[in-house]
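In terms of our numbering, the sequence shown has 121 at position 92, counting the first letter as 1, and numbering is strictly consecutive. Yeah, the Cβ is synthetic: ideal placement off N, Cα and C, and Gly gets one too. Quick caveat, the model's predicted, so the values are computed rather than measured. Here the structure is laid out as structure tokens; the discussion comes afterwards.
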Amino acid sequence: MDTTLDDPGAIRRSMRATQRRQTGRALLLVGPLALFLLAIFVIPIAALLTRAADNPEVIDTLPRTLQALSQWDGGATPPDTAFEALTQDLAHAKNTPAAGELARRLNYEIAGYRSLIFKTLRHMPIQAADAADARAQLTELDKRWAEPAYWTVIANNNQHWTPYYLLASLDLKLDPQGHVVAAPAGTSAFQEIFSRTFVISLVVTLIALALGYPLAYWITRLPKRRANLVLICILIPFWTSVLVRIAAWVVLLQREGLINSALGGLGLISEPLPLLFNRLGVYIAMVHILLPFMVLPLYSVMQSVPPSYQRAAISLGSHPFAAFWRVYVPQTYPGIAAGSLLVFIIAIGYYITPALLGGAGDQMISYYVAYFTNQTINWGMASALGLILLVATLLLYALYRRISGKELALN
30 MDTTLDDPGA IRRSMRATQR RQTGRALLLV GPLALFLLAI FVIPIAALLT
80 RAADNPEVID TLPRTLQALS QWDGGATPPD TAFEALTQDL AHAKNTPAAG
130 ELARRLNYEI AGYRSLIFKT LRHMPIQAAD AADARAQLTE LDKRWAEPAY
180 WTVIANNNQH WTPYYLLASL DLKLDPQGHV VAAPAGTSAF QEIFSRTFVI
230 SLVVTLIALA LGYPLAYWIT RLPKRRANLV LICILIPFWT SVLVRIAAWV
280 VLLQREGLIN SALGGLGLIS EPLPLLFNRL GVYIAMVHIL LPFMVLPLYS
330 VMQSVPPSYQ RAAISLGSHP FAAFWRVYVP QTYPGIAAGS LLVFIIAIGY
380 YITPALLGGA GDQMISYYVA YFTNQTINWG MASALGLILL VATLLLYALY
430 RRISGKELAL N
């Protein structure tokens, strides 16, 4: 006779063992995918984002100079020992990749610093009798070495980590006293670019919602066979490259394109409309590309809403529009939220469409991430802009989860 049924402790141990086996099987199934995502997605992105605060160029290339400047108050010209230490550090860095990285890093903070570093490197090593002689030779070589501002930049980069890139991405900087202040007007415009990115994404999301909601509602009212046919038509653009679709819009929207030709042929316009290389062209193309991402979540939710609820409200005396607005629409809020969040998050990362169809004032933040990555090779700024964009996206997602959680609790 099995005595396990009479022993509650044995039953609990058996249940825990069964649960452990089930958990182990689940981990074996999910483990390879988790490791793949960790190695291919999480670790590379985390490593890239650390570049937003990484600052090794000065501290690794000018260690003696930083040591000589450690007691400098930043007021007058630094002591003679700093000039001597700088000549030693630059002589050691000459003809190495570190020299170019140092010049590029310092040039971010003071324009022209790169030429100063390379000009000085060409005269290295300097045979100085003492520290005072090193000062005299450097200031004779270039009078900028007598200006405290150039030494302040070196002294402020005495750590492996810096807030410079993150502050610059928000049009901020550190003053000589270490306080965060606004960057001078005209030196940066990233706040405007971030605002433009979010405004464009919001407008595209609202237009996609305005077009996608009635389309999804109409599909749910079609017979199943016709609804499937319409869904296939909506999904067809997914099989076409984004570049091909953008090229098609260039043909359609240009001054002599099909749209302007058709409007002119109908006598609706006397001269071609400016539809290309402006904000309107960006909106049209982005809405066209992102509309399926709005329709599919809406259709999925609408399909689960029983049509009898709306008919019941009408039979009880409600106006058809009031029944639709107060009975049907609230039940589709999850689809509205999911579609809007999906379209908005995809839109804020758009790069190709504004670059090809927009003007200079229509570029979004991803354009500048690509610019710093591919053209200026400024990984710090590219990583900082990407990090801010990622944080903004996560905050929006957290806000969505909070709002949707409250709606579920109210329901």
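Determine whether the beta carbon atoms of residue i and residue j lie at a separation below 8 Å.
| i | j | result |
| --- | --- | --- |
| Pro-177 | Gly-60 | no |
| Ser-395 | Gly-409 | no |
| Val-372 | Thr-234 | yes |
| Thr-191 | Asp-171 | no |
| Arg-45 | Val-87 | no |
| His-375 | Phe-322 | Checking the displayed sequence, the identity of residue 375 turns out to be Ile instead of His. Yes, the Cβ-Cβ distance between Ile-375 and Phe-322 is below 8 Å. |
| Gln-96 | Ala-114 | yes |
| Asp-109 | Ala-163 | yes |
| Ile-183 | Leu-238 | no |
| Val-316 | Gly-387 | no |
| Leu-423 | Val-324 | no |
| Leu-167 | Ala-81 | no |
| Asp-391 | Asn-307 | yes |
| Met-393 | Ile-261 | no |
Alpha carbon to alpha carbon, how far is residue i from residue j?
| i | j | result |
| --- | --- | --- |
| Gln-283 | Leu-305 | 6 Å |
| Asp-89 | Gln-156 | 23 Å |
| Ile-69 | Leu-78 | 15 Å |
| Leu-64 | Thr-382 | 33 Å |
| Tyr-137 | Tyr-400 | 15 Å |
| Leu-437 | Arg-430 | Model confidence at Leu-437 stands at a pLDDT of 49, short of 50, so the residue's coordinates are unreliable and nothing is read from them. |
| Pro-205 | Ala-140 | 17 Å |
| Ala-389 | Ser-144 | 29 Å |
| Ala-212 | Ala-421 | 22 Å |
| Pro-319 | Gln-48 | According to the sequence displayed, residue 319 carries Leu and not Pro. If you take the alpha carbons of Leu-319 and Gln-48, they lie about 43 Å apart. |
| Ala-76 | Tyr-338 | 52 Å |
| Ala-385 | Pro-92 | Reading the sequence as shown, one finds Leu at residue 385 and not Ala. Taking the straight line joining both Cα atoms gives about 46 Å. |
| Ser-369 | Ala-314 | 17 Å |
| Gly-294 | Val-279 | 20 Å |
| Tyr-362 | Leu-231 | 18 Å |
| Arg-457 | Leu-240 | Only positions 30 to 440 of the chain appear in this structure, which leaves residue 457 out of reach. |
| Ser-412 | Ala-366 | 29 Å |
| Leu-56 | Arg-41 | 22 Å |
| Gly-364 | Pro-126 | 53 Å |
| Leu-416 | Ala-160 | 44 Å |
For residue i, report the span of its beta strand (DSSP E) as first-last.
| i | result |
| --- | --- |
| Ala-211 | 209-211 |
| Leu-201 | 201-203 |
What are the boundary residues of the alpha helix (DSSP H) that includes residue i?
| i | result |
| --- | --- |
| Lys-148 | 142-150 |
| Leu-62 | 37-66 |
| Lys-253 | 253-264 |
| Leu-320 | 308-331 |
| Leu-302 | Premise fails: Leu-302 is in no alpha helix (DSSP H) and is neither H nor E. |
| Leu-131 | 126-138 |
| Ile-74 | 72-78 |
| Asn-23 | The chain is shown from 30 up to 440; residue 23 falls before or after that span and cannot be answered. |
| Val-182 | 177-185 |
| Tyr-380 | Tyr-380 -> no alpha helix (DSSP H), and no H or E assigned at all. |
| Glu-86 | 85-90 |
| His-348 | Here His-348 belongs to no alpha helix (DSSP H), and DSSP marks it neither H nor E. |
| Ile-69 | Neither: Ile-69 is in no alpha helix (DSSP H) and is coded neither H nor E. |
| Glu-113 | 109-122 |
| Arg-250 | Run containing Arg-250: none; DSSP gives neither H nor E here. |
Apply the 10 Å Cβ neighbour rule to residue i and answer buried if 16 or more other Cβ atoms are within range, or exposed otherwise.
| i | result |
| --- | --- |
| Gly-346 | exposed |
| Tyr-193 | buried |
| Phe-112 | buried |
| Trp-354 | exposed |
| Ser-198 | buried |
| Ala-351 | exposed |
| Gly-207 | exposed |
| Phe-219 | buried |
| Tyr-397 | buried |
| Gly-296 | exposed |
| Met-30 | Reliability fails at Met-30, whose pLDDT of 47 lies under 50, so the model's placement of it is uncertain and the value that follows must be treated cautiously. It counts as exposed. |
| Pro-359 | exposed |
| Thr-52 | exposed |
| Leu-58 | exposed |
| Ala-132 | buried |
Suppose the cutoff is 6 Å on Cβ atoms and the five residues either side in sequence are ignored; what does the same chain contact list for residue i look like?
| i | result |
| --- | --- |
| Ile-248 | Ala-256, Val-259, Tyr-328 |
| Trp-13 | Coverage of the chain is limited to positions 30 through 440, which leaves residue 13 absent and any answer about it impossible. |
| Thr-402 | Ala-411 |
| Arg-173 | Leu-145, Tyr-179 |
Give every residue of the same chain whose Cβ lies closer than 8 Å to the Cβ of residue i, excluding the five residues on either side of it in the sequence, and list them in chain order.
| i | result |
| --- | --- |
| Ile-288 | Leu-281, Leu-282, Leu-302, Leu-304 |
| Met-153 | Thr-116, Leu-119, Ala-120, Lys-123 |
| Val-271 | Ile-318, Ile-381, Thr-382 |
| Ile-298 | Asn-289, Leu-292 |
| Leu-309 | Pro-303 |
| Leu-203 | Asn-185, Pro-192, Tyr-193, Leu-196, Val-209, Val-210 |
Is the CB of residue i under 8 Å away from at least one CB in chain B?
| i | result |
| --- | --- |
| Lys-202 | The structure shown contains no chain B, having only a single protein chain. |
Between which residues of its own chain and residue i is the CB-CB distance below 7 Å, once the five residues before and five after are set aside?
| i | result |
| --- | --- |
| Pro-10 | The structure shown does not extend to residue 10, since the chain is modelled only from 30 to 440, so the question has no answer here. |
| Pro-85 | His-189 |
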